[in-house]
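>
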Amino acid sequence: MTEEGKKYENFSEWYNEVIEKADLTDKRYPVKGMNIWTPYGWKLMSLIDAETRRLIDENDHQEVKFPLLIPEDEFQKEADHIKGFGDEVYWVSHAGSTELDIPLLLRPTSETAMYPIFDLWVRSHADLPLKIYQMVNVFRYETKQTRAFMRMREIHFFEAHTCHATEEEAEKQIHDDLEIMDELAKKLCMPYLKLRRTEWDKFPGAHYTVGGDALLPTGRLLQIAGIHQYLNNFAEAYDITYEDIDGEHKYVHQTTYGMSERLIGAVVAIHGDDRGVVLPPALAPVQVRVIPILYGDDPALMEYCRSIVQRAKELGLRVDIDDRPDMRPGSKFFESEEKGVPIRVDVGSHELEDQEITLVRRDTGEKITVPLDELEEEITSLMDTMEREMYARAERSLEENIVDAEDISDITEEKVYRIGWCGTLRCGEGIEESTERNLLGTLYHGEEYSGKCIWCDEETDTAAYLCKTH
Ligand code: ZN
5 MTEEGKKYEN FSEWYNEVIE KADLTDKRYP VKGMNIWTPY GWKLMSLIDA
55 ETRRLIDEND HQEVKFPLLI PEDEFQKEAD HIKGFGDEVY WVSHAGSTEL
105 DIPLLLRPTS ETAMYPIFDL WVRSHADLPL KIYQMVNVFR YETKQTRAFM
155 RMREIHFFEA HTCHATEEEA EKQIHDDLEI MDELAKKLCM PYLKLRRTEW
205 DKFPGAHYTV GGDALLPTGR LLQIAGIHQY LNNFAEAYDI TYEDIDGEHK
255 YVHQTTYGMS ERLIGAVVAI HGDDRGVVLP PALAPVQVRV IPILYGDDPA
305 LMEYCRSIVQ RAKELGLRVD IDDRPDMRPG SKFFESEEKG VPIRVDVGSH
355 ELEDQEITLV RRDTGEKITV PLDELEEEIT SLMDTMEREM YARAERSLEE
405 NIVDAEDISD ITEEKVYRIG WCGTLRCGEG IEESTERNLL GTLYHGEEYS
455 GKCIWCDEET DTAAYLCKTH
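Each residue of the sequence shown is one higher than the one before, counting from 5 in the working numbering.
#1: Compute the distance between the beta-carbons of E146 and R157, then report whether it is under 7 Å.
#2: Let me have the residue list for the ligand ZN: C-beta closer than 6 Å to any non-hydrogen atom, ordered along the chain.
#3: Compute the Euclidean distance between the alpha carbons of E382 and A210, then round it to the nearest angstrom.
#4: With I159 as the anchor, note down where its alpha helix (DSSP H) starts and where it stops.
#5: Just the C-alpha distance for T29 and D461, rounded to the nearest angstrom, thanks.
#6: DSSP on A152, reduced to helix/strand/coil?
#7: Shortest alpha-carbon distance to A94 belongs to which of H85, K81, I74, E78?
#8: Is there at least one Cβ from chain C nearer than 7 Å to R155's Cβ?
#9: As a quick exercise: from E318, I297, G320, N14, pick the residue whose alpha carbon is nearest that of D330.
#10: Shortest alpha-carbon distance to S311 belongs to which of P34, H275, Y12, E360?
#11: Could you pull the DSSP bridge partners for G216 from this structure?
#12: Using only CA atoms, which one of G427, V282, P285, I347 lies nearest to V294?
#13: Along the chain, where does the alpha helix (DSSP H) containing E240 start, and where does it finish?
#14: Three-state secondary structure (DSSP) at N20?
#15: Within its chain, find whatever has a CB closer than 8 Å to the CB of L235; leave out the 5 residues flanking it on each side and keep chain order.
#16: Suppose you measure from the CA of T245 to the CA of A169; what does that come to, to the nearest Å?
#17: Cα-Cα, which of E318, C193, H232, Y19 is closest to R200?
#18: Given a threshold of 16 other Cβ atoms within 10 Å of its Cβ, counted over all protein chains shown, does L104 qualify as buried or as exposed?
#19: To the nearest angstrom, how far is the alpha carbon of L402 from that of W18?
#20: Do E265 and F162 have their CB atoms nearer than 7 Å?
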């Protein structure tokens, strides 16, 4: 990417600094890859979870909580799944000094915890569809360098699991999941690519995987969602069958949809600037912060500020007032920016005198002074505008950073390359190895393309996306 600012010059350093200054996480816990959720960070995660819950509940899912520990014998029923997760698993082998008969593992994801029980829950077609989800922590022993929210060993995780009578119904669920993801992405101001992964990069045990990938300022993609069509793969391994109307026993068709705290990492990376994080208006823990600009005591001004807070609260917004007496207004502005509060309301003696308020946008720094009477409509419309414009800016950046390449030697920059690919593993491997990038798949909804495979020169109507990943 060619933009300026520290986040483009030294992303890692910038990222660590802004999350620290915003107090989104505490990295001092003495286990690598396991951070502490601070009150501010957890509030943000909880608000994202609440929005996810609202959307998935509307899609007739029900929330559950399965145990954290999974017995080894259940984990080992689906061969590809073991291959995919085996090396990342944390094992519990002892209770005190006694060795356990069957070792237990900390869930890296919950297929193998849930599916033996689905076998008991699903008896007939009347039990279908079964649509459940949970929001829990999962454990994966990452060997790559860990990074707050993006690559952790203990991960806050959302996972939805569904069982359907037919493949068509399972396909419909995948469409629904992508619509839910779109809705959530709007609230997060985060455009993303929906890529159907290559055969060698799909979720272990899946028939196919759709990855949701967001573009970070490094020019690399970060997977923020995974939606998986399992067909009967797990149903056969776990013997999840139902009796249909004719009394015949059939395997269910399954899907899953997963997301994690990476959503926070992506939002910080995409929208933050050199002054700090910039949080999306709909999901920020504090949406509006009122800052009295006073020098010494001013009861009338404080009263005016409190009435503004009250009115914003009545709008249903999360609003606070920074009335710390011994702090200069400049330092309060600075802190509000570091924490990414979307709208600041500056109130000084001028505002009080003219019965006005000054609204300051966190994303652009733009200031507008409006009559107090119009507080409700001005704040509401400013939040909408910010959400729309933050999304549009990120979308423009995503579009500008996708470039077509027709020759392997052109692939040198930190960009997302669109290339012709014949679809074979042989060419896929050649492309990945020679460019040191990942072939992330093809657009899930398809696209018109005609060109040549960048590796073997065969004519192809398939475009694939090639990029480095986080
Ligand atoms: Zn080829």
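The C-beta atom is built at its ideal place from N, Cα and C for all residues, glycine as well.
Quick answer:
#1: A contact, by the Cβ cut-off of 7 Å.
#2: The set, ordered by position in the chain, is C426, T428, C431, C457, W459, C460, E462.
#3: Taking C-alpha positions only, E382 is separated from A210 by approximately 48 Å.
#4: Per DSSP, I159 is not a residue of any alpha helix (DSSP H); the beta strand (DSSP E) it occupies stretches across 158-168.
#5: About 49 Å.
#6: DSSP places A152 in coil when its eight states are reduced to three.
#7: Note on residue identity: the sequence assigns Tyr, not Ala, to residue 94. Scanning H85, K81, I74, E78 for the CA closest to the CA of Y94 turns up I74.
#8: Considering every chain present, this structure includes no chain C. It has just one protein chain.
#9: Residue I297 is the option with its Cα nearest to D330.
#10: The candidate whose alpha carbon is nearest that of S311 is E360.
#11: Under the DSSP definition of a beta bridge, G216 partners with K198, A229.
#12: Proximity to V294 across G427, V282, P285, I347 peaks at I347, based on C-alpha coordinates.
#13: Per DSSP, E240 belongs to the alpha helix (DSSP H) from 237-242.
#14: If DSSP states are grouped into helix, strand and coil, N20 belongs with the helices.
#15: The answer, listed in chain order, is E171, A174, H211, H257, Q258.
#16: Looking at the two C-alpha atoms, the distance is approximately 9 Å.
#17: For the options E318, C193, H232, Y19, the alpha carbon positioned closest to that of R200 is the one of H232.
#18: Its Cβ having fewer than 16 others within 10 Å, L104 is exposed.
#19: Straight-line Cα distance between these residues: approximately 20 Å.
#20: Taking 7 Å as the Cβ cut-off, E265 and F162 do not qualify as a contacting pair.
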